[in-house]
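For the sequence shown, the numbering used here assigns the number 59 to the initial residue and increments by one for each residue that follows.
Beta carbons: idealized from backbone N, C-alpha and C, even for Gly.
No experiment lies behind these values; they were computed from the predicted model shown.
Structure record follows, encoded as structure tokens.
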Amino acid sequence: MEIGSIVDESNDDFSELKSFPITSAHMQQIVDLGIDAAPEKLELNFSHSCDNGDNPGPGQVIDPEDVTSCTGTARNGQKYFSDWRPKTVDWNISMGSPLQLSIYKIGACRCNIYGAIRYKYPTYTDHTRKYGGLRLRKMEDVNENNISNVYEYAYGKYENGTFIPDFRLNQPYNFSSFIKRYVRQFTGDVGGGSGAGTGNGEQVQIGSTFERYYRIHNSSQANNSYGSSDIMTYPSVVEITGKGKIIREFEEYTSSNYVYNKWKAGNLKREIYLNQNNDTLRVVNNTYKLNTLKNSLSEFTTSLPEVVAFSTDFDIIKVMETILQTPVDTYFVEHRMDLIESAKVEKDKSETTEYFNGKKITSKTKYEYYDTDINKPINLKNTKSVFPSGEIQQTDYSYAHEKGNQLMINKNMIGIPLETISTQTIGVTTQTLAKTETVYPKTVAEIINNDARLVLPLSIKSYDLSHIDNNPSTEVTHDQYDSKGNLQQYTTKDGIPVSIVWGYNNTQPIAKIEGAAYAQVSSLISGIVTASDTDGQLGTEASEQALITALNSFRNNTALSLYQTSTYTYDPLIGVKSITSPSGIREVYIYDTANRLKEIKQEMKNTNGSLEYKILKEFNYNYKN
Numbered sequence: 059m060e061i062g063s064i065v066d067e068s069n070d071d072f073s074e075l076k077s078f079p080i081t082s083a084h085m086q087q088i089v090d091l092g093i094d095a096a097p098e099k100l101e102l103n104f105s106h107s108c109d110n111g112d113n114p115g116p117g118q119v120i121d122p123e124d125v126t127s128c129t130g131t132a133r134n135g136q137k138y139f140s141d142w143r144p145k146t147v148d149w150n151i152s153m154g155s156p157l158q159l160s161i162y163k164i165g166a167c168r169c170n171i172y173g174a175i176r177y178k179y180p181t182y183t184d185h186t187r188k189y190g191g192l193r194l195r196k197m198e199d200v201n202e203n204n205i206s207n208v209y210e211y212a213y214g215k216y217e218n219g220t221f222i223p224d225f226r227l228n229q230p231y232n233f234s235s236f237i238k239r240y241v242r243q244f245t246g247d248v249g250g251g252s253g254a255g256t257g258n259g260e261q262v263q264i265g266s267t268f269e270r271y272y273r274i275h276n277s278s279q280a281n282n283s284y285g286s287s288d289i290m291t292y293p294s295v296v297e298i299t300g301k302g303k304i305i306r307e308f309e310e311y312t313s314s315n316y317v318y319n320k321w322k323a324g325n326l327k328r329e330i331y332l333n334q335n336n337d338t339l340r341v342v343n344n345t346y347k348l349n350t351l352k353n354s355l356s357e358f359t360t361s362l363p364e365v366v367a368f369s370t371d372f373d374i375i376k377v378m379e380t381i382l383q384t385p386v387d388t389y390f391v392e393h394r395m396d397l398i399e400s401a402k403v404e405k406d407k408s409e410t411t412e413y414f415n416g417k418k419i420t421s422k423t424k425y426e427y428y429d430t431d432i433n434k435p436i437n438l439k440n441t442k443s444v445f446p447s448g449e450i451q452q453t454d455y456s457y458a459h460e461k462g463n464q465l466m467i468n469k470n471m472i473g474i475p476l477e478t479i480s481t482q483t484i485g486v487t488t489q490t491l492a493k494t495e496t497v498y499p500k501t502v503a504e505i506i507n508n509d510a511r512l513v514l515p516l517s518i519k520s521y522d523l524s525h526i527d528n529n530p531s532t533e534v535t536h537d538q539y540d541s542k543g544n545l546q547q548y549t550t551k552d553g554i555p556v557s558i559v560w561g562y563n564n565t566q567p568i569a570k571i572e573g574a575a576y577a578q579v580s581s582l583i584s585g586i587v588t589a590s591d592t593d594g595q596l597g598t599e600a601s602e603q604a605l606i607t608a609l610n611s612f613r614n615n616t617a618l619s620l621y622q623t624s625t626y627t628y629d630p631l632i633g634v635k636s637i638t639s640p641s642g643i644r645e646v647y648i649y650d651t652a653n654r655l656k657e658i659k660q661e662m663k664n665t666n667g668s669l670e671y672k673i674l675k676e677f678n679y680n681y682k683n
């Protein structure tokens, strides 16, 4: 913190003496800089560019060839120095004694002397203990026979056979920077010395310093920040049951300065299944690879292919300096750049080893992707599993690009599998186990099942395995959708139409009519649709009963007597409330105050013909400390 200074860079001879008070104001300024800041030393610095700077010590004659020279003196209390050689000294601070500085200069050279108070902060020892926050520790299920299944969880890692609790906070990316600020402190007229004041309340600088802050820019939604999904990750999570335990180990990221890559953590690396005696039953190892194919599309390229972007922070600080005895504003510029890494995480291999009576068998699965064309999406191409017997099973997937569906590509519907083929190879013989295809429209003209021009499935087809190259058979045809994309009618393989009526503002199916086309029932549904919308808004017992009455009337309509009709009611925020089958038997779903399923009851008539409910299933939720 600067106390005062004398600077001269003129071409003329110069001499000046100034006195600067060292008062409690200076000490208070130090305290204001931060908690526990304490003054350490009074630092004096004398420097110049004059010819006599290389001369020997006191008592020696100035070199006659010297054209310019400078001498500096300083006094604080009983401490004093005077020299023509540049030097820096540290003195203990004498509170209440002024700091007197003077320079005597001959000729055109730079000469300056200044005094400052050095201060320091205490060093603290920080003992940190990690806490993982709220996590599932124990879960207990009790079935209808009062048999309890208990699951306990531990979070951390094993070191030399000992489990140590541990976690890593997977923070979202923070755009951060250090900020410096140049701060000067002034006081009113202090008097008592040359240059210290004018006697009329003039503001005089008594010190200056740099303040340094750490600034963070971040979204308030952590899961919306760049590359962030999980708030924290663990080296491993152990699930403990009465039958043994499962140890799930996860990949951890290696942090480095000025690089953001925390998204690399959290992939399941290994699963170890142990019995009650800690014998290993099964081990599953997974490996992953990072594909940087798409990174060049960011238009930020470096020698590091995994780097996709960067952030920069410039901190510009306005500082007042004295140049040629004139105060001027200058600027200090500090900048920082952080690199951001990105890649597509692809599961590469999975190896499962099972242990039986001292023996082991191993199965391997390899994953391949469409990942060589930068203009196409990276999708799973196939999975290939090799079993201990040597048998190979492979499943291949095709998407919009492979099937040439430009309409889906234009709609960015590029990650939906359209064709799946499963094959089996034993020795040199390969046979197809299954082949299915989901048919979507390829042009707008082919969108014949809805008026909203939505690209939705037209049909699902399968192939005769004995004649795989023959024409496929259609398993189901999707005949009609509403404007929300809800399926209103489909036709089964046997040619039977099935109609679905949507209620609760087109969010839930409330009726299914097997055997009737939607056009046959559309004129009959307005009453149940309106009643469901009302029930969704009110959510009362009366509104639900009114809906059930409307549904019963719908079911008993003579126009539907030849068809099989099922009806449904809901609490839209919880779940299904009742299901009535074509036979008229109604199942009622009861929830507790925490909106958990409590009971499933069946409506039936007793010997007197009155309705009563029989409990089909009961769910109990038990918690222990």
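Cutoff 8 Å; reference residue i; Cβ partners in own chain excluding five residues on either side
i, result
"Ser-63", "Leu-159, Asn-170, Ile-171, Tyr-172, Gly-173, Thr-380"
"Asp-71", "Lys-163, Ile-164, Gly-165"
"Pro-435", "Tyr-428, Tyr-457, His-459, Ile-472, Gly-473"
"Thr-623", "Ala-569, Lys-570, Ile-571, Glu-572, Phe-612, Arg-613, Pro-640"
"Asp-66", "Phe-72, Glu-74, Ile-161, Lys-163, Arg-168, Cys-169, Asn-170, Gln-383"
Cβ neighbours of residue i in the same chain (closer than 7 Å, five flanking residues each side left out)
i, result
"Val-295", "Tyr-211, Tyr-213, Arg-306"
"Ile-673", "Glu-657, Lys-659"
"Thr-345", "Asp-406, Lys-407"
"Ser-105", "Pro-144, Asn-170"
Residues of its chain near residue i, where Cβ-Cβ distance is below 6 Å and the 5 sequence neighbours each way are ignored
i, result
"Ile-450", "Val-444, Thr-483"
"Arg-176", "Glu-98, Lys-99, Glu-101"
"Lys-418", "Thr-411"
"Thr-350", "Pro-363, Glu-364, Ala-401"
"Ile-304", "Glu-297, Tyr-331"
"Ala-492", "Ser-480"
"Ala-510", "Ser-541"
"Glu-477", "Ser-456, Glu-495"
"Tyr-576", "Gln-538, Gln-546, Gln-547, Ser-557"
C-beta contact flag for residue i and residue j at 9 Å
i, j, result
"Ala-95", "Tyr-179", "yes"
"Thr-423", "Lys-407", "yes"
"Gly-300", "Val-208", "yes"
"Thr-126", "Cys-167", "yes"
"Gly-561", "Ala-574", "no"
"Pro-630", "Gln-566", "yes"
"Ile-472", "Asn-433", "no"
"Thr-494", "Ile-474", "no"
"Ser-541", "Asn-563", "no"
"Val-513", "Lys-469", "yes"
"Val-54", "Tyr-548", "Since the displayed the chain opens at 59 and closes at 683, residue 54 lies outside it and no answer follows."
"Ile-61", "Ser-152", "no"
Any non-hydrogen atom of the ligand GDP closer than 8 Å to residue i Cβ
i, result
"Pro-363", "Although the ligand GDP was asked about, the structure shown includes no ligands whatsoever."
Test: residue i CB closer than 9 Å to a CB of chain D
i, result
"Asn-666", "Protein chains in the displayed structure number just one, and chain D is not present."
Per DSSP, cross-strand counterpart(s) of residue i
i, result
"Pro-164", "In the sequence as presented, Pro is not what sits at residue 164; that position holds Ile. Per DSSP, Ser-127."
"Gly-302", "Thr-299, Asn-333"
"Val-559", "Ala-569"
"Thr-550", "Val-534"
"Tyr-455", "Thr-478"
"Lys-76", "Leu-159"
"Trp-149", "Leu-100"
"Asn-328", "What sits at residue 328 in the sequence shown is Arg, not Asn. Paired residue(s): Glu-307, Asn-343."
"Thr-312", "Beta-bridge pairing links Thr-312 to no other residue."
Residue i classed as buried or exposed, judged by whether at least 16 other C-beta atoms fall within 10 angstroms
i, result
"Tyr-138", "exposed"
"Glu-599", "exposed"
"Ala-608", "buried"
"Gly-485", "exposed"
"Arg-644", "buried"
"Met-466", "buried"
"Lys-322", "buried"
"Ser-531", "exposed"
"Asp-199", "exposed"
"Arg-613", "buried"
"Phe-358", "exposed"
"Asn-132", "Here the sequence assigns Ala to residue 132, which means Asn is not the residue at that position. That one is buried."
"Ile-632", "exposed"
"Ile-505", "buried"
"Gln-452", "buried"
"Glu-670", "exposed"
"Ile-222", "exposed"
Open item on the list: Taking 8 Å as the cut-off, does the stretch 581-590 touch the stretch 638-656 (at least 3 CB pairs, one atom from each stretch)?
Closed with: no
Open item on the list: Below 8 Å, how does it come out for the stretch 591-604 and the stretch 550-560: are there three or more Cβ pairs, yes or no?
Closed with: no
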